[in-house]
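Number of protein chains: 8
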Amino acid sequence: MDEIRKILEAYKAGVFTLEEAAASLADDRGDTCHLGFANLDLQRQERCGFPEVVYCAGKTTEQSVKILAFLMARYDNVIGTRADQAVYEGIKPTVPTACYDATARMVYQHKDRTVFNGERTIAVITAGTSDIPVAEEAALTATIMGNKVERIYDVGVAGLHRLLARREDICRANVNIVVAGMEGALASVVGGLVSKPVIAVPTSIGYGANFHGLSALLAMLNSCAAGVSVVNIDNGFGAGRMAAMINGMR
Amino acid sequence: MDEIRKILEAYKAGVFTLEEAAASLADDRGDTCHLGFANLDLQRQERCGFPEVVYCAGKTTEQSVKILAFLMARYDNVIGTRADQAVYEGIKPTVPTACYDATARMVYQHKDRTVFNGERTIAVITAGTSDIPVAEEAALTATIMGNKVERIYDVGVAGLHRLLARREDICRANVNIVVAGMEGALASVVGGLVSKPVIAVPTSIGYGANFHGLSALLAMLNSCAAGVSVVNIDNGFGAGRMAAMINGMR
Amino acid sequence: MDEIRKILEAYKAGVFTLEEAAASLADDRGDTCHLGFANLDLQRQERCGFPEVVYCAGKTTEQSVKILAFLMARYDNVIGTRADQAVYEGIKPTVPTACYDATARMVYQHKDRTVFNGERTIAVITAGTSDIPVAEEAALTATIMGNKVERIYDVGVAGLHRLLARREDICRANVNIVVAGMEGALASVVGGLVSKPVIAVPTSIGYGANFHGLSALLAMLNSCAAGVSVVNIDNGFGAGRMAAMINGMR
Amino acid sequence: MDEIRKILEAYKAGVFTLEEAAASLADDRGDTCHLGFANLDLQRQERCGFPEVVYCAGKTTEQSVKILAFLMARYDNVIGTRADQAVYEGIKPTVPTACYDATARMVYQHKDRTVFNGERTIAVITAGTSDIPVAEEAALTATIMGNKVERIYDVGVAGLHRLLARREDICRANVNIVVAGMEGALASVVGGLVSKPVIAVPTSIGYGANFHGLSALLAMLNSCAAGVSVVNIDNGFGAGRMAAMINGMR
Amino acid sequence: MDEIRKILEAYKAGVFTLEEAAASLADDRGDTCHLGFANLDLQRQERCGFPEVVYCAGKTTEQSVKILAFLMARYDNVIGTRADQAVYEGIKPTVPTACYDATARMVYQHKDRTVFNGERTIAVITAGTSDIPVAEEAALTATIMGNKVERIYDVGVAGLHRLLARREDICRANVNIVVAGMEGALASVVGGLVSKPVIAVPTSIGYGANFHGLSALLAMLNSCAAGVSVVNIDNGFGAGRMAAMINGMR
Amino acid sequence: MDEIRKILEAYKAGVFTLEEAAASLADDRGDTCHLGFANLDLQRQERCGFPEVVYCAGKTTEQSVKILAFLMARYDNVIGTRADQAVYEGIKPTVPTACYDATARMVYQHKDRTVFNGERTIAVITAGTSDIPVAEEAALTATIMGNKVERIYDVGVAGLHRLLARREDICRANVNIVVAGMEGALASVVGGLVSKPVIAVPTSIGYGANFHGLSALLAMLNSCAAGVSVVNIDNGFGAGRMAAMINGMR
Amino acid sequence: MDEIRKILEAYKAGVFTLEEAAASLADDRGDTCHLGFANLDLQRQERCGFPEVVYCAGKTTEQSVKILAFLMARYDNVIGTRADQAVYEGIKPTVPTACYDATARMVYQHKDRTVFNGERTIAVITAGTSDIPVAEEAALTATIMGNKVERIYDVGVAGLHRLLARREDICRANVNIVVAGMEGALASVVGGLVSKPVIAVPTSIGYGANFHGLSALLAMLNSCAAGVSVVNIDNGFGAGRMAAMINGMR
Amino acid sequence: MDEIRKILEAYKAGVFTLEEAAASLADDRGDTCHLGFANLDLQRQERCGFPEVVYCAGKTTEQSVKILAFLMARYDNVIGTRADQAVYEGIKPTVPTACYDATARMVYQHKDRTVFNGERTIAVITAGTSDIPVAEEAALTATIMGNKVERIYDVGVAGLHRLLARREDICRANVNIVVAGMEGALASVVGGLVSKPVIAVPTSIGYGANFHGLSALLAMLNSCAAGVSVVNIDNGFGAGRMAAMINGMR
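Chains as they are written, first to last, in this note's numbering: chain A, 390 to 639; chain B, 390 to 639; chain C, 390 to 639; chain D, 390 to 639; chain E, 390 to 639; chain F, 390 to 639; chain G, 390 to 639; chain H, 390 to 639.
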């Protein structure tokens, strides 16, 4: 009921056209919502454990807003990645529970704040300060998906004692996300210290031959430490999602 | 006669210099029109089935406008790709039949609206919403060339039921154009469902290691499904043209 | 009946183990045949118009032989690509109708020699003599799939008159497959001459900066002629299959 | 005691020089065994959950044999990857419990056959038959590390029904390892069906523009399905190790 | 004398500091002029046949202006490439003979208009209109170096008759410069028509997989026609210089 | 004492929050200063010979300012690289000894002006004027680290006499830093003239196929002269640091 | 007459089948000779100044022999490149004037030994001894095409005096071919010394990051010296042909 | 005198032809020895501190032997890299002091065993056992050039305690050479521990996405630790030479 009301309100506020509002309501019990430019997967939560996540880059602001409005009406926790401020401005009026994190570039709704995994934390570790935006995308994703996150930032291998000082925290974590640009060595060093999985996120931070993250990507794929797997360059969301899945296992 | 009148009007409106107008008129019965900076191929329609298409990127607005003005005077259906709003603004005053599609970035004239191929449709399928601009370039191209087009958007493989729900439409189409970025998997999946040719268009949509479309391009070239061939990254026009050619066979 | 007999014979000849023979017989009316190391798609002919094609590279000789033996028992026309002489030697004793084409590296069975498409020919055009093995893979594939093929070899653009001498043949063809290495220019030139689709196959022929076919691949993807689409480097089979699909349309 | 005896036997059999045997015995209670050309990490099991794994490529046969002999004396379960038959021949005489799997190219000892994770299985899924060697490396690794493995081979996306027929098995698995070459689309499709983590392994199987696994690697990194992370090309071991770590969580 | 006067004037106009003016005058008979940030090669004309050419990209406007002012004081014909309007604005007040060509992005002085090579022309040929800026850089360079240039624009291979219509002009030229982006096929086709050298210039014009000129570059390096050599992507100047050198031989 | 006072002043000026100021003061005798978004390595000077250097790209202006303020309070000589004017504007008010070099893009403090290495100079050599910004980053770095630097600019190999004229200076230097874009040939030529180490810095200066410094990078890595090692593209800082280390040996 | 006799002899010796001999004789006055697998361009000499050159790589020995036999019957001077000893063994019996150069990997006939260009020499310069095979391909090509060649080998830039000692020879040459692997710096250095064109040939000689000639190729394309153009990696023939064309101009 | 005698002996033994022996003797006091295929730089020792080093790959065995024979006659310490056993077999008979190291693939003469640098050691550190051949090339080079070398092998970052156990040795070294494949992280970790220069050598060891050393190369170039510079992939010699130069400074 609540969902229907929200769709109606959004329609009134001009977010949806008549047609779109109709589609949103009609599809309510199906497995897909047909918005014309988008085909929302309404089985995703049940099938994969979390509703469809909206990748806002490449979409118009209007498209992003409509999709998020629909999803936020239907689900408690919703994520839009690579969103700029304009998407947030577009959705705020009709969805007051929507939030924006400028560092992580995420528009999201986090109504159900249950922490599913008790004391099992996900550590998000960065090599440097410049890697923080990607790390925040990972941390926020994992948090919204019901995990406890510990941030361990700026512990790159050029000053090993900074990392070793946090060794206990790292070993205690259930999953480690390592975010690093340049030579991405941190993933291998962390991988060699722990018995839990490491999700490595290469970032595009670095001088010329970083080639937009290629150096860190290749380094992480070639990690001499076992138990390291890799997601796309700068893809904090992907790492957060993967870590949440792993942390949720029992 | 009509063509000559239009050239004269464009000359008067300042689109052509005296010299260019003279050239345009003189070349009227030849196989090339020499505009100085351009050498228009007047055999293209007869030889290849459609007049020369203008790739506006890299040309000045003025050059694009002149070429399009000439072609629109001579042919019913004309296409300019990768055109920004300014090209349209330049041509509108003297060619009122010119249209602009901002999503597809195309300036075009579509006077002859004959549909050549009866019920034989071309399906244009996208993996996501962000792929729509490229898909629209393909769809509009095919439409102007006299084909019936069916749009099947946002049916990427992460939610297979969305695709399978449209399976019948896909199998009924005479040619399928699959537009996808990221890992471009949709081309292989569609290729495995149909007995008709699939034209795959990789797009430059995606996180870092997409490398401006390279990931989707390589994936589509390596498709495990037979009956898939590939056009350039983001080249919706090329796919639309290819599909129109195939659909026109009998 | 005939199929069952052949499976039994192959079992006796030692091609299949008892288990595999049983699987082959049991799956007879299902949509998949489970051979343990392979999962044969028995819907492929009906769904896509031709039975599953066996890519022999990367498989052991024994695996290729078993799969081909099963398919040749079941279907009239069967293709194995990238097969060396040993695969042929392995299958010949139990499947006397199997053939081998050393140039095209194909093991095949071509029992149903119907030509489906009347006078509609597929032209297979090469830039040079070194491109012939890939061209033969394409030509043989198209032939086995019921098409009339015309070979137009060694007409590369360095001697344009050789190509123009064959212009009529090329324009008469219903589909053109262009096979070229080095700079792959032939695809664009042919594409500019015809109103029918061109399938371009880059080959790995050339000096250093050919980079195993990359130069021709990129060139063909960037063809300035419309109506050209591209398959994988050296993938004659893919081009033949695509061309057969297109030629089969009506 | 047992370990010391084995070292002495290996010394007698000529596997170790006097010096190496001395080092092996001396280091017995330390955290590193110094063999001159190698520095074995004796904390690895305790720190990371499994003893050091030997990457035999790039080592001389003699070096691989010595390292494996030492580790097999000390630990129950030991793995050597990328090992050819010669390594096995070298170690067999003094370590009769050593095994060799030619498909997976692994020399290993699997004495402790405890299955740690009860009914929680790891599914190893391949797109084609040619991907099996890499898949076997993953499967054997996970098995030796105490996991129950289910093999689901040759279910590539060109024949989707083969995959969907196994959907239940795939969804029941606790972790899925997807092994695919060419366009690597299977990882995304599986990722879209499950709520458990997917470890994707690109293989170097494919025609020219596969570029030794690059096409599948990039595709998997760009997967549109969340919950997919990637290991190095053809790195079955890495996937097996990662999956075992994840499956071991509780 | 004239040169000294000009340096003094430029000093007075504030182009040179006192120090720089002194250096400019002092170096007058040496082989290098030391401007601090630049070290002008005063032997270049004698050694290589033309004074040093100034590559303005990467230099500050001020640096470009000073270097050009010095060279224009000393030599009749001077070239600055990749110069924006600001460089021209900076030099115009003190060097009224300086010219600017916005299409070619060149600032230059062309006082000695001798044509050294009689009727021996250099043909500058483009595939399309978008290639003209690079072609103009080549044409203007060759002209300033004393050559007669014939422009043959927009004769790409998709409409072969446009090229063949100019065949006589092309064959009559002493050197041909071929400027093309996309698949760069024009270089091979021209190379196959002539007995004179072809200088090929790849341009960065094209859809995605052009990869900033890589497709045309590789294609031209792999030309199946002999007598084709290649300069850097978009390097019209380099082609013009090379052609001038060749045309100047006797 | 002095350091504490400066931290307090910066706190008052609003550079640090209360928390950050507290952390800065507390960490005073530890080996790391925890600023939340950064983890400053306070052992770096002792361990590696110079305090941590701040890579400002990818950090917010605010983050850069805070880190630099802390370091400048604690150490005499401090370096921030890739800093824009805004960082300098941010730090100037509270740290009046901070300087900015717009060419080198460095914010720095250079209070201890001791020259450690007597007459042992580091030569910084560029191929062209466009390479100067990178060279200045190297030169300034080496200077701040206590070295005497000699600049030898614009002596690229196209005019060998300019280089040979400086041969004595080059041979006298204790270390040579060679900064070059395009084909980076200067590194090899200098390497062949000297018996002292050469640090090569590729720059991203050049026409298309420079590919953002790749051409110079590969050239320098492949230098036929021994005694040449390479740092990252445009990484003047890295070269300056390396040269300072070498020059400091005795 | 002589040509007919030779074809007949080759037919008798079994080089040609009856059909091929007939084709060879029939085509005698046409512009193409149709050998089935090859389409020999009989206008090449007249159009481009030298008969078709046979690239033997990728052709079977038998194909190469037949093509060369035909051409050697018809023309005095004939070249086959990338030919192994077997091609020579195949042609020797029927064409006693055929020669083989194992270093250059060329089979050739050099009956007309006229030197067309008087004292105008082509210098072939190598950086090292390992570059000699490619240089010999260039030198032999130029020689057979009627040029005087001067070899200047092993004068790489690591020992500049070796090059400068030959400076006079280099400056006297009418065209310089520079053959170099590794960093390819020699092309730029020679380019800076001369006023005549330089043809640069990158070779695949070098340690790892040479990437099969890529380092030298990119370096040469980015040469800071004007008047340098580039042919394909290891393409000595292409350089020799280009140089011969240039040297033949007057 | 000794040198002349050795040349004569080599002549008698058939290593040199009469002509080559004459050249070898004649050039004795010049700065270059002209052997036809080679141009030996006789100033190298004086200019750069060590005689010319022979890169044997790409040279014929005969060429390598002649060059080494000449150099070994003239200099005490001589190095040939990338030499196979055959080169050694060729030189042994006439130069009994020649040695061969099969692991390092070096033929060398080490007669002058002076250690120039007292207790200043060069540490050669490897990540794994597979990196040892490259490390030995570096170590042997440095030894022959008069340095004390300490080998620290198999201390990769996956087991950090192995590295930290050697920390004192590493910090005591005057120069560190770090040899690592895969992700090359060791260079950064070592770089962060020391105040002396680190020379990083990427090796081609690793699974697929190592791409023949590219992953380690890019990682090392992007090292977050300052004071790290890089030589070519697998170029142990280059690192040894560079380290010897640095270690020799005072």
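From the three backbone atoms N, C-alpha and C, an ideal C-beta is built for every residue, glycine too.
Does DSSP put residue i in a helix, in a strand, or in coil?
| i | result |
| --- | --- |
| P591 (chain F) | strand |
| M558 (chain B) | It is Asp, not Met, that sits at residue 558 (chain B) in the sequence shown. Three-state DSSP puts D558 (chain B) in a helix. |
| D430 (chain H) | strand |
| Y596 (chain E) | coil |
| C437 (chain E) | helix |
| I566 (chain H) | strand |
| Y477 (chain G) | helix |
| S618 (chain D) | strand |
Drop a sphere of 10 angstroms on the beta-carbon of residue i, count the other beta-carbons inside from all chains shown, and report buried for 16 or more, exposed for fewer.
| i | result |
| --- | --- |
| T406 (chain A) | exposed |
| A462 (chain C) | buried |
| Q452 (chain H) | buried |
| D501 (chain B) | exposed |
| P482 (chain F) | exposed |
| I393 (chain B) | exposed |
| T503 (chain D) | exposed |
Work out the CA separation of residue j and residue i for me, nearest whole Å.
| i | j | result |
| --- | --- | --- |
| A562 (chain A) | N611 (chain F) | 44 angstroms |
| H601 (chain B) | G627 (chain E) | 29 angstroms |
| A574 (chain A) | N565 (chain C) | 51 angstroms |
Within its chain, find whatever has a CB closer than 8 angstroms to the CB of residue i; leave out the 5 residues flanking it on each side and keep chain order.
| i | result |
| --- | --- |
| L424 (chain C) | E409, A412, S413, K455, I456 and F459 |
| A475 (chain B) | T450 |
Within the same chain, show all residues whose beta-carbon is closer than 6 angstroms to that of residue i, passing over the 5 residues directly before and after it, in chain order.
| i | result |
| --- | --- |
| V442 (chain A) | I468 |
| Q434 (chain B) | P440 |
Using a Cβ-Cβ cutoff of less than 7 angstroms, which residues in the same chain neighbour residue i once the five nearest sequence positions on both sides are dropped?
| i | result |
| --- | --- |
| R555 (chain F) | I541 and V544 |
Ordered list of beta strand (DSSP E) runs contained in the segment 485-545 of chain D, each at least 3 residues = 488-490, 495-499, 510-515 and 537-541
Which residue spans inside the segment 446-474 of chain H form an unbroken alpha helix (DSSP H) run of at least 4?
-> 450-463
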